Amino acid sequence: MRINVHAGHNPAGMTACGAVGLINESTENRKVKNEVIRLLKMRNDTVYDCTVDNGKNQTDVLRKIVEKCNAHEVDLDISIHFNSAANDSNGDGKTTGTEVYVYSAASSAAPFAARVCREIESLGFKNRGVKYNRGLYVLKNTKAPAMLIECCFVDDRDDVKLYSYEKMAAAIVRAIT
Ligand SMILES: [Zn+2]
20 MRINVHAGHN
30 PAGMTACGAV
40 GLINESTENR
50 KVKNEVIRLL
60 KMRNDTVYDC
70 TVDNGKNQTD
80 VLRKIVEKCN
90 AHEVDLDISI
100 HFNSAANDSN
110 GDGKTTGTEV
120 YVYSAASSAA
130 PFAARVCREI
140 ESLGFKNRGV
150 KYNRGLYVLK
160 NTKAPAMLIE
170 CCFVDDRDDV
180 KLYSYEKMAA
190 AIVRAIT
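The structure is reproduced here in structure tokens:
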């Protein structure tokens, strides 16, 4: 397989960085992204890292990501994010969990997305399912089938306790291979 992988947003601490909670989206999504790339390369898949670390603002980050993605002929684009707004910093014993976005039910990425949800669910996270969204810039503008993975919530104590970047990355790779 030929796959584009990127971590969403600028790096932590910069303008247009990701969500900040008990953990930091831009830090963790880069760890997951690097591990996904390492695992795919071990399988001899062709992988391109389309992460952008120098966007001038959020629009610029997205535009540059899509430019990198579309420079390669691939079977799948994977965008790695973490969710926020669970507002459960104390932990209520339940994860808020994982969800994966694709452009529409007709996207060739949709079956991959469903499998990503199930594999992350098998780690113990709540499966919030596959969501369809025609407004997300990366999903709308990439040439290859694309999915945007919201691994888990940065502001849910239960998600953060369960989360490890190695297991998250391994689940994603199991799902797409
Ligand atoms: Zn994000």
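Residue numbers for the sequence shown follow our numbering, so the first one is 20 and each next one is one higher.
For glycine and all other residues, C-beta sits at the position ideal for the given N, C-alpha and C.
In this text the structure is predicted, and so the values were computed from the model without any measurement.
Sub-8 angstroms separation of residue i and residue j beta-carbons
i, j, result
"Y184", "V66", "no"
"I168", "V121", "no"
"V85", "A35", "no"
"N106", "R176", "no"
"G74", "N29", "yes"
"F131", "M166", "yes"
"C170", "I99", "yes"
For residue i, three-class secondary structure by DSSP
i, result
"C36", "strand"
"V157", "helix"
"F172", "strand"
"N43", "strand"
"Y120", "strand"
"K50", "helix"
"K162", "coil"
"L142", "coil"
"K150", "strand"
Environment of residue i [buried if 16+ CB atoms lie within 10 Å]
i, result
"A128", "buried"
"N102", "buried"
"N48", "buried"
"A38", "buried"
"N23", "buried"
"S141", "exposed"
"D111", "exposed"
Assumed close pair residue i, residue j - CB separation to whole angstroms, cut-off 8 angstroms
i, j, result
"V55", "I191", "5 angstroms"
"D94", "R21", "5 angstroms"
"V173", "G27", "Rounded, the Cβ-Cβ distance is 12 angstroms, inconsistent with contact."
- Task: Identify every run of the beta strand (DSSP E) within the stretch 53-106, keeping only runs that are complete inside it and at least 3 residues long; order them along the chain.
- Result: 65-68, 95-102
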